[in-house]
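Participant: Input: one structure, supplied below.
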Amino acid sequence: MVREPAAAGMFYPADAAILRQTVAQLLKSPEASIEAGPVKALIAPHAGYVYSGPVAGPAYAQLAAQAGTIRRVILLGPAHRAPVRGLALPEAESFATPLGEVPIDRDAIRALADMPQVVVSGAAHAQEHSLEVQLPFLQSVLRDFTLVPLAVGDATAKEVADVLEVLWGGPETLIVISSDLSHYLPYAAARQADQETVERILGYRLLDSFEQACGALPINGLLLAANRHRLAPKLVSLCNSGDTAGDRRRVVGYAAIEFMESQDSHDD
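So for the sequence shown, full-length UniProt numbering puts the first residue at 1; every next one is plus one.
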């Protein structure tokens, strides 16, 4: 069973050729550069590409050097469309975009089978855009990879972190957290609020409100796990819809943050 695209034609182009060209342009951002350490995890926004694509592009461009290594992506985002207790896996066996299908990692699904906070919900994924909009970037940068898509609903940071720990793996596994920042504040207020949120994330301080980030729950889980593994966080890009394609009276904030492996990461 294939989970068909729900956001194509709204959040990103539905035509494969146009989508491929759009993503290629976003990946060429001047902010994109290859860092010294491998990227183990990243936070990327999930609005329409015209709004948040200039922030997401540089984050995904960081992965170019690891394209031959990464074989599995653990993708977590907030459940916007259906109520979920815990973290929801899909019923589907693959996720489709105009660029093709990405298979679900069945071994990973089996590894999560005994975790009480992990459920299966086709409804949670059917119309969920937060996960889908990340896929064309991943399909454009990586080679063959499998996917573990998790729509995060009512879950504690520890419940999320425990799932990430089971799936952590090695350099073949990338973790992507899909989240926007503040919503619908005036431009200046959003800039201040989002800067404070980013500083909390970079300092491994858990978020305490969905007003800081709609993906606060998966972000907090990542912070617990990444801190334990001593990853090094770094801000790649930060702006809001008033900087890209929107009205500055009511903006949405976007950040791209990468978490890199350090020498200490391998001392456990």
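The beta-carbon is built from N, C-alpha and C at its ideal position, and this holds for glycine as well.
1) DSSP on S237, reduced to helix/strand/coil?
2) Please go through the stretch 138 to 171 and give each complete alpha helix (DSSP H) segment of 4 or more residues, from N-terminal end onward.
3) Could you check if V2 is buried or exposed, using at least 16 other CB atoms within 10 Å of its CB as the buried criterion?
4) Going along the chain, which unbroken runs of the alpha helix (DSSP H) with 4 or more residues stay wholly within the stretch 31 to 89?
5) When you compare only the Cα positions, how much space is there between D247 and P45?
6) For the alpha helix (DSSP H) that E4 lies in, which residues bound it at each end?
7) In the DSSP assignment, find the unbroken alpha helix (DSSP H) run with residue 309 in it and report its ends.
8) Give the range of the alpha helix (DSSP H) segment to which V120 is assigned.
9) Quick one: using the 10 Å Cβ neighbour count with 16 as the cut-off for buried, is E196 buried or exposed?
10) Pull up the CB-CB distance for E172 and R71, whole angstroms please, since I reckon it's below 8 Å.
11) Check this for me: beta carbons of V84 and F95, under 8 Å apart or not?
12) Keeping to the same chain, check which residues put their C-beta closer than 7 Å to that of L19; ignore five residues upstream and five downstream.
13) Roughly how many angstroms lie between the CA atoms of S262 and A232, to the nearest whole one?
14) Please work out which residues of its chain come closer than 6 Å, Cβ to Cβ, to V166, disregarding the five sequence neighbours upstream and downstream, and give them in chain order.
15) Can you check DSSP and say which residues form a bridge with S178?
16) With distances taken Cα to Cα, identify the nearest neighbour of L42 among L76, G48, Q21, A151.
17) Helix, strand or coil: how does DSSP classify H229 here?
18) With H, G and I counted as helix, E and B as strand and the rest as coil, what does DSSP make of S209?
19) Using the beta-carbon count (16 or more within 10 Å), is Y60 buried or exposed?
20) Reducing DSSP to helix, strand and coil, say where S130 ends up.
21) DSSP beta-bridge partners for F95?
22) Whose C-beta lies closer than 6 Å to the C-beta of Q21 among residues of the same chain, with five residues either side of it excluded?
23) Here's a check: name, in chain order, each residue in its chain whose Cβ is nearer than 6 Å to the Cβ of Q212, leaving out the five neighbours to either side.
24) Roughly how many angstroms separate the alpha carbons of H125 and Q139, rounded to a whole number?
Facilitator: Well, looking at it:
1) S237 carries a strand assignment under DSSP once its states are collapsed to helix, strand and coil.
2) 157 to 167
3) exposed
4) 49 to 61
5) Distance between D247 and P45, taken at the CA atoms: about 18 Å.
6) Neither: E4 is in no alpha helix (DSSP H) and is coded neither H nor E.
7) Any property of residue 309 remains undetermined from this structure, which presents the chain solely from 1 to 268.
8) Premise fails: V120 lies in the beta strand (DSSP E), 118 to 120, not in any alpha helix (DSSP H).
9) exposed
10) 4 Å
11) no
12) Y12, P13, P98, L99, P136
13) 7 Å
14) A111
15) S178 is bridged to A44.
16) Closest option to L42, Cα to Cα, is L76.
17) Of the three classes helix, strand and coil, the one that applies to H229 here is coil, per DSSP.
18) Reduced to three states, the DSSP call for S209 is coil.
19) With 16 or more other Cβ atoms within 10 Å, it is buried.
20) helix
21) R3, V102
22) none
23) T197
24) The straight-line gap from Cα to Cα measures roughly 19 Å.
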